[in-house]
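Mapped onto my numbering, the consecutive letters of the sequence shown carry residue numbers 10 to 265. We treat Cβ as the ideally placed atom computed from N, Cα and C, and that holds for glycine.
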Amino acid sequence: MGTVRVLVLRSPGANCDLESQYAWELAGAHADRVHINRLKEKPSLLQQYQILMIPGGFSYGDDVAAGKILALELQAVLNDALVDFRDAGKLILGVCNGFQALIKAGLLVPPDAEGIPATLAANASGRFEDRWVCLKAHASRCPFLAGYELLQLPIAHGEGRFICRSSQVLEELHRQGQIVLTYVDSEGRPGPYPVNPNGSQLDAAGICDATGRVLGLMPHPERHVLGLQHPQWTRRGYARPGDGLRLFQNAVRYFS
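Structure follows, in structure tokens:
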């Protein structure tokens, strides 16, 4: 296969598309930033790509709820194209606001008779959390996370608390291995705030769908692709790749 092509979806209020494009290109892919209006006009554009990324930001000002309006657009206009894209064996990544949109569109945890059984709610701290976090990867089914154990990434969100409608839904996601990233301390141990910065159930920082090919996570891998981006780069070494870079490289290698 030739160069892997990535569509980075732009929307009003999104602000991480340039960093995301850079991360994909650093990983060896060709990335295009495409506005959602263009994709709505021509959903078949997705067929030109192997990977779709919905980046972070504040899509539509996070009116109603974080990522909700973008999620409604994905559901109402693009759902069939996105399902076909996923079922063709391709990859979808949602980061922060992109995660919020994916889960509220039902693309990570499918809806049942009562609606979508999981969501991302306001942080338990009651405030916007902007900090670096440690994560543990549980990546048996998710190609994005191959080779990861512990990693450090920044977060910046006000609504990142992963919650499920019932304990049964949560237990089933855990049993099926869909909770693929959890918040931990620097030694890999779970803990209360600020280790878990938003109060997510089971310390969930990222989940995948049943196929493993759709991943949503609150931390920002595109903000740590270079060693210099870490606040302790002088001690860690600037030549060391950022912990987020492998996620993008894994996705590119998936198609090689």
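- Task: Give, in chain order, every unbroken run of the beta strand (DSSP E) that is at least 3 residues long and sits entirely within the segment 22-63.
- Result: 39-44, 60-63
- Item | For Val15: DSSP bridge partner residues | Ala40, Ile60
- Message: Check for me: the alpha helix (DSSP H) holding Ile78 runs from which residue to which?
- Response: 77-85
- Task: List the endpoints of the continuous beta strand (DSSP E) containing Arg170.
- Result: 170-173
- For Gln84, which residues from the same chain have a beta carbon less than 8 Å from its beta carbon, with the 5 sequence-adjacent residues on both sides left out? Ala114, Gly115
- Message: Quick check on Gly156: buried or exposed, where buried means 16 or more other Cβ atoms within 10 Å of its Cβ?
- Response: exposed
- Message: With a threshold of 6 Å on Cβ separation, who are the neighbours of Ser20 within its own chain once the five nearest residues in sequence on each side are excluded?
- Response: Ile45, Ser68, Leu79
- Do His229 and Pro163 have their C-beta atoms closer together than 7 Å? yes
- Query: DSSP three-state call for Ala127: helix, strand or coil?
  - Reply: strand
- Query: Do Cys25 and Gly70 have their CB atoms nearer than 7 Å?
  - Reply: no
- Query: How would you write the range of the alpha helix (DSSP H) that Glu138 sits in, first residue to last?
  - Reply: Note, Glu138: premise wrong, no alpha helix (DSSP H); beta strand (DSSP E) at 138-146.
- Buried or exposed: Phe171, going by 16 or more other Cβ atoms within 10 Å of its Cβ? buried
- Find the nearest neighbour of Gly76 within the set Gly135, Leu48, Ser53, Ile112, judged by alpha-carbon distance. Ile112
- Residues near Arg245 in its chain [Cβ-Cβ closer than 8 Å; skip 5 each side]: Gly236, His239
- Item | Closest residue to Glu138 among Ser209, Ser149, Leu81 (Cα-Cα distance) | Ser209
- Query: Would Cys143 pass as a contact of Asp212 if the rule is Cβ separation under 7 Å?
  - Reply: no
- Query: What separation, rounded to the nearest whole angstrom, lies between the Cα atoms of Ser53 and Asp96?
  - Reply: 15 Å
- Message: Using 7 Å as the threshold, is the C-beta distance between Val261 and Ala38 below it?
- Response: yes
- Query: Opposite His166 in the DSSP bridges: which residues?
  - Reply: Glu138
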